[in-house]
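Order-wise, the sequence lines are chains A and B.
Be aware that the first sequence starts at 0, since it is given in numbering that gives the first Met the number 0, and climbs by one per residue.
Be aware that the second sequence starts at 0, since it is given in numbering that gives the first Met the number 0, and climbs by one per residue.
Even for Gly, the Cβ is constructed at its ideal location relative to N, Cα and C.
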Amino acid sequence: MSNFLQQLINGISVGAVYALIAVGFSLVYGVLNLVNFAHGDVLAAGSFLAVALYGIWGWPLALAVVIGIGAGAIISMLVELLTARPVRNAPRLIPMITTFGAALIIRSFIQATAGSSTRPFSTPLSGKSFHLGGLRISWIAVVTIIVTVVVVSAFGAYLKYAKSGYGIRAAAQDLETSALMGIPINRTILVMFALGGWIGVVGGLLYAAQIQAVYPSFGFAILLKGFVAAILGGIGNLKGAVLGGLILGVVEGLAGPYISTAYLDAIAFALLIVVLLIKPNGLLGAQVQERV
Amino acid sequence: MRTIRARRVAALGSAVLAGAVLAACGGSDDSGGGGSDGDTIKIAMTGPLTGDSGQWGKDQIDGMQLAVDQINDAGGITEGPNKGKKLSLDSFDDAGDPNQGASVAQQLCDDTSVMAVLGPVNSSVALAVGPVYNRCGLTEVTSYASNPDITLKGYKNVFRSIPNDDQLSAADVAAAVQIAGAKTIAVVWSNDAYGQGLWEGVQASAPDLGATIVGDASFTKGSTKDFSSILTNLQGKNPDALLLMADYSDVGLMTQQARQVGLDVPIVAPTGTSTPEFLDLAGEAAEGMLTPVLFDPSSQDPEVAQFVKDFQAKFNRDPGESSATGYGSVQLIEYALSQGATTREDVAKELSAAKQMPTILGDITFDEHGDPTSLTSLVVLTVKDGKFVANDKQLQS
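As structure tokens, then:
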């Protein structure tokens, strides 16, 4: 039983990361119907920068994190400007391919500058934990869950109350009509990419802190999980992305050791297939009309 | 409109693919033949120079380069028809990836000026390239890939200068039992040729050595880096020791994460773990872990001590374990060349026939499979104050 609860806690903290990745990914899909393959590598680039500033050049952790997050937002905007915007009105396959190209370029750039090996990322909280009953809870897991709750709630509030958040929601409902209503579409979409990159790097760094390392392909690896989480919850839906992330993390944590840990990725996709067979629009798919 | 466009794209795609296939086939019809070109004999090193096992390849190439430079500085090959000829060494990165390894192998087969190949380093790559080298008769000497099957395919031109996984993983179990005092062990292994070979060796040797395996888990190399659920589960089995059968990057992460989930039992890691990268990734969690190695840099053996000194002088860093095994593999090729090997096929014949070829890791005679008949003795290292040092207690022979 304690093993079950321990795995549940592990699962929630990993799932929180998947949720953060899924939010940015789902947001872009909600507005543009675009599967943004560059999302994972954008967050990897920001995370690598933060890890390098902190681990190699010895900058203060907080400053390194802020710069990494900022870099993620900027790179994400560049992806929008250079690879998504020019083909925004082309068939949906085209921007998917161009963002995939952007992903490869960013990953190659990381490999060319940082090398292709796994790099350590040891924070002051690494390895530290406390006991609660018979459970051992790592401080990283606590931080991950708190940060996720704060970021997702703040983001939800932003979408609901801020003017540009309102713009994103309007664009999600109908891009053309909202443009006709005077919403500055280009700026709205750019802001949306920046926010997606920003939240993505937060997720990437929390994941890196959990495994205490970064590696060049880690962005794409967790994007796959974010992708599953987003579809699981109902793509384009913020609450769905969070729910999907948590469910995926918990199922992986609980099922992995009992089925086979060699099939962790397969478990994620098997879960997705089962859910889609029952609810083709994802768990919260009924709300898909009101996206984001 | 849409179907026409789709068809056009498909046609274009097939044309590009066909072109790529033709390009890949081109130039492969002049394989075989010799390798001596004037006064230099070309040998090739293959291994991971990038990626999660990149340090193994970088260590190897430096060890090999040192051997080649020393041979050339001393006047080249000492005897036979190759007397006075110099060696040249080129390196080819396979990134530890079987696909990339196979294309490198084909490239080397096609380059008839290459006399012999030293490498690869990773077991999964070695299994992929064996058939390629066998087809073109190019001799391959690996000095770091340890999966037993590599030399069991009946290829006459594939050699390995180190013990295989059966022997190496028996040493890992022995370290857990004899040094860490474990009666029960839990094993995590990477689901590739390397981890699988080690895992099979652990299962085979555990009963004889008096260890009971209470739990095991495998993971997909390259995609699993969060081991917390695996380790939490194994913790529930209460093992006395944890065996981590994977490359040094993953072992480093697992060591760190094992401590994070509170799995505080002694850790034993396979030969190949003793790299600076492992220490970086594992941090303080590495203290006290055990790893049996083929090469102990603090050895008092005069030949080994000289090698360490020369290596430090040339590269301004300490040699890795695979530097020493790589150095030894150049010594083997030098031996074959000094016995009169002038073609690719000759190199394999000379290596099979030779007895007691002198190398830095002891004299080597190959058995009918291409494995060494006597085994390099292993030294168990531990981590103390962030450095690898020989453990006080060693394995009973």
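(request) Taking only beta-carbon positions, decide if Gly114/A is within less than 8 angstroms of chain B. (result) By 1-based counting over the first sequence, the position of residue 114/A is 115. True, the Cβ-Cβ gap to chain B drops below 8 angstroms.
(message) Could you tell me the alpha carbon to alpha carbon distance between His368/B and Leu374/B, rounded to whole angstroms?
(response) For the purposes of this step, residue 368/B is identified with residue 369 of the second sequence, where counting begins at 1. For the purposes of this step, residue 374/B is identified with residue 375 of the second sequence, where counting begins at 1. Going from the Cα of His368/B to the Cα of Leu374/B covers about 14 angstroms.
(request) Check the Cβ of Lys224/B against every Cβ in chain A and list those closer than 8 angstroms, keeping chain order. (result) On the second sequence, position 225 is the one that residue 224/B refers to. For Lys224/B, the chain A residues whose Cβ falls inside 8 angstroms of its Cβ are Thr117, Ile210, Ala212, Tyr214, Phe217, Ala220, in order along the chain.
(request) Using the Cα positions of Ala72/A and His38/A, report the straight-line distance between them to the nearest angstrom. (result) One-based indexing of the first sequence puts residue 72/A at position 73. One-based indexing of the first sequence puts residue 38/A at position 39. If I take the Cα positions, the gap works out to 11 angstroms.
(message) Report the start-end ranges of each alpha helix (DSSP H) in the stretch 45-131 of chain A that is 4 residues or longer and not cut off at the edges.
(response) 60-78, 92-113
(message) For Lys57/B and Ala203/B, I'd like the C-alpha separation in whole angstroms.
(response) Counted from its first residue, the second sequence places residue 57/B at position 58. Counted from its first residue, the second sequence places residue 203/B at position 204. One C-alpha to the other measures close to 32 angstroms.
(message) Below 8 angstroms on C-beta distance, what does Val213/B contact in chain A?
(response) As a first step, residue 213/B is located in the second sequence; it is residue number 214 there, counting from the start. What Val213/B touches in chain A: nothing, since even the nearest Cβ is about 14 angstroms away.
(message) So the candidates are Glu349/B, Leu278/B, Asp89/B; which of them puts its Cα closest to the Cα of Val250/B?
(response) Counting from 1 along the second sequence, the entry for residue 250/B is found at position 251. Closest by alpha carbon: Leu278/B.
(request) Might you give, ordered along the chain, the residues of its own chain that have their beta carbon closer than 7 angstroms to the beta carbon of Leu360/B, omitting 5 neighbours on each side? (result) Walking along the second sequence from the start, residue 360/B turns up at place 361. Cβ within range, chain order: Leu293, Phe294, Ala323, Thr324, Gly327, Thr375.
(request) With a threshold of 16 other CB atoms inside 10 Å of the CB of Leu65/B, please say whether the residue is buried or exposed. (result) Translated into the one-based positions of the second sequence, residue 65/B becomes position 66. It is buried - the Cβ of Leu65/B has at least 16 other Cβ atoms within 10 Å.
(request) Rounded to whole angstroms, what's the CA-CA distance from Leu88/B to Leu131/A? Just pull it up for me. (result) Position 89 of the second sequence holds residue 88/B. Position 132 of the first sequence holds residue 131/A. If I take the Cα positions, the gap works out to 59 angstroms.
(request) Please list, in chain order, all residues of the same chain as Ile230/A whose beta carbon is under 8 angstroms from its beta carbon, the five residues on each side excluded. (result) Along the first sequence, read from residue 1 onward, the residue named residue 230/A stands at position 231. Excluding positions up to five away in sequence, the list reads Gly243, Leu271, Leu275, Gly281.
(message) Can you give me the C-alpha to C-alpha distance between Ala185/B and Val249/A, rounded to a whole angstrom?
(response) Within the second sequence, the letter at position 186 stands for residue 185/B. Within the first sequence, the letter at position 250 stands for residue 249/A. Approximately 24 angstroms, taken between the alpha carbons.
(request) With a threshold of 16 other CB atoms inside 10 Å of the CB of Gln305/B, please say whether the residue is buried or exposed. (result) As a first step, residue 305/B must be located in the second sequence, where it is residue number 306. With a threshold of 16 other beta carbon atoms within 10 Å, Gln305/B falls short and is exposed.
(message) Once the 5 residues before and after Ala179/B are set aside, which same chain residues still bring their CB inside 6 angstroms of it?
(response) By 1-based counting over the second sequence, the position of residue 179/B is 180. Once the five neighbours on either side are set aside, the close Cβ partners of Ala179/B are Ala240, Pro265.
(request) Compare the C-beta of Pro256/A with all C-beta atoms of chain B and state if any pair is closer than 8 angstroms. (result) Residue 256/A sits at position 257 when you count from the first residue of the first sequence. Judged by the 8 angstroms Cβ criterion, Pro256/A is in contact with chain B.
(message) Counting C-beta neighbours from all protein chains within 10 Å, is the total for Gly209/B 16 or more, i.e. buried, or is it exposed?
(response) Taking the first residue of the second sequence as 1, we reach residue 209/B at position 210. Counting Cβ neighbours within 10 Å, Gly209/B comes out exposed, since fewer than 16 surround it.
(message) Give me, in chain order, the residues of the same chain whose beta-carbon lies closer than 7 angstroms to that of Tyr53/A; leave out the 5 immediate sequence neighbours on both sides.
(response) Locating residue 53/A in the first sequence gives position 54, where the first residue counts as 1. Only Leu60, Ala63 meet the Cβ criterion.
(request) Could you tell me the boundaries of the alpha helix (DSSP H) in which Gly23/A lies? (result) In the first sequence, counting from the first residue as 1, residue 23/A sits at position 24. It spans 1-31 - the alpha helix (DSSP H) in which Gly23/A sits, taken as one unbroken run.
(request) Specify the secondary structure class of Lys57/B as computed by DSSP and reduced to three states. (result) Translated into the one-based positions of the second sequence, residue 57/B becomes position 58. Helix, per DSSP.
(message) Taking the straight line between their C-alpha atoms, what separation do you get for Ala101/B and Trp138/A?
(response) Numbered from its first residue, the second sequence carries residue 101/B at position 102. Numbered from its first residue, the first sequence carries residue 138/A at position 139. Cα-Cα distance, rounded: 45 angstroms.
(request) Tell me whether the beta-carbon of Thr122/A lies closer than 8 angstroms to the beta-carbon of Ala212/A. (result) Reading the first sequence from its first residue, position 123 is the one you call residue 122/A. Reading the first sequence from its first residue, position 213 is the one you call residue 212/A. No. Outside cutoff.
(message) According to DSSP, is Ala203/B part of a helix, a strand, or is it coil?
(response) By 1-based counting over the second sequence, the position of residue 203/B is 204. Helix.
(request) Reducing DSSP to helix, strand and coil, say where Pro238/B ends up. (result) Residue numbering aside, residue 238/B sits at position 239 when the second sequence is read from its first letter. In this structure, Pro238/B counts as coil in the three-state DSSP scheme.
(message) Please tell me whether Gln202/B has its Cβ less than 8 angstroms away from any Cβ of chain A.
(response) As a first step, residue 202/B is located in the second sequence; it is residue number 203 there, counting from the start. So, not an interface residue.
(request) With DSSP as the reference, label Phe226/B as helix, strand or coil. (result) Translated into the one-based positions of the second sequence, residue 226/B becomes position 227. Looking at Phe226/B - three-state DSSP - the assignment turns out to be coil, as it is neither helix nor strand.
(message) Counting C-beta neighbours from all protein chains within 10 Å, is the total for Arg186/A 16 or more, i.e. buried, or is it exposed?
(response) As a position in the first sequence, residue 186/A is number 187, starting the count at 1. Exposed: under 16 other Cβ atoms inside 10 Å.
(request) Rank Phe120/A, Asn35/A, Leu31/A by C-alpha distance to the C-alpha of Phe24/A and give the top, closest one. (result) Start at 1 with the first residue of the first sequence, and residue 24/A comes out as number 25. If we check each option's Cα against that of Phe24/A, Asn35/A comes out closest.
(message) Between which two residues does the alpha helix (DSSP H) holding Lys238/A run?
(response) Sequence index remark: in the first sequence, residue 238/A carries index 239 (1-based). Unbroken alpha helix (DSSP H) run through Lys238/A: 237-257.
(request) Would you mind sorting Val273/A into buried or exposed? The rule is 16 or more other CB atoms within 10 Å of its CB. (result) For this step, residue 273/A is matched to residue 274 along the first sequence. The residue in question, Val273/A, is exposed, as its Cβ has fewer than 16 Cβ neighbours within 10 Å.
(message) Can you check whether the C-beta of Val382/B is within less than 8 angstroms of a C-beta belonging to chain A?
(response) Counting from 1 along the second sequence, the entry for residue 382/B is found at position 383. No, its Cβ sits nowhere closer than 8 angstroms to a Cβ of chain A.
(request) Could you say which of Phe219/A, Gly155/A, Ser107/A lies nearest to Val200/A if we only look at CA atoms? (result) As a working note, residue 200/A is residue 201 in the first sequence. Val200/A has its Cα closest to that of Phe219/A, out of Phe219/A, Gly155/A, Ser107/A.
(message) I'd like to know whether the C-beta of Gly271/B is nearer than 8 angstroms to at least one C-beta of chain A.
(response) By one-based count along the second sequence, residue 271/B stands at place 272. Among the residues facing chain A, Gly271/B is not included, as its CB has no counterpart in that chain under 8 angstroms away.
(request) Answer yes or no: does any C-beta atom of chain A fall closer than 8 angstroms to that of Ala284/B? (result) Counting from 1 along the second sequence, the entry for residue 284/B is found at position 285. True, the Cβ-Cβ gap to chain A drops below 8 angstroms.
(request) Only counting runs of 4 or more residues, tell me where the alpha helix (DSSP H) segments fall wholly within the stretch 174-247 of chain A, in order along the chain. (result) 174-179, 184-210, 217-232
(message) Can you look up Asp110/B in the DSSP assignment and give me helix, strand or coil?
(response) Here residue 110/B is taken as the residue at index 111 of the second sequence, counted from 1. Shown here, Asp110/B sits in coil according to DSSP, grouped into three states, outside any helix or strand.
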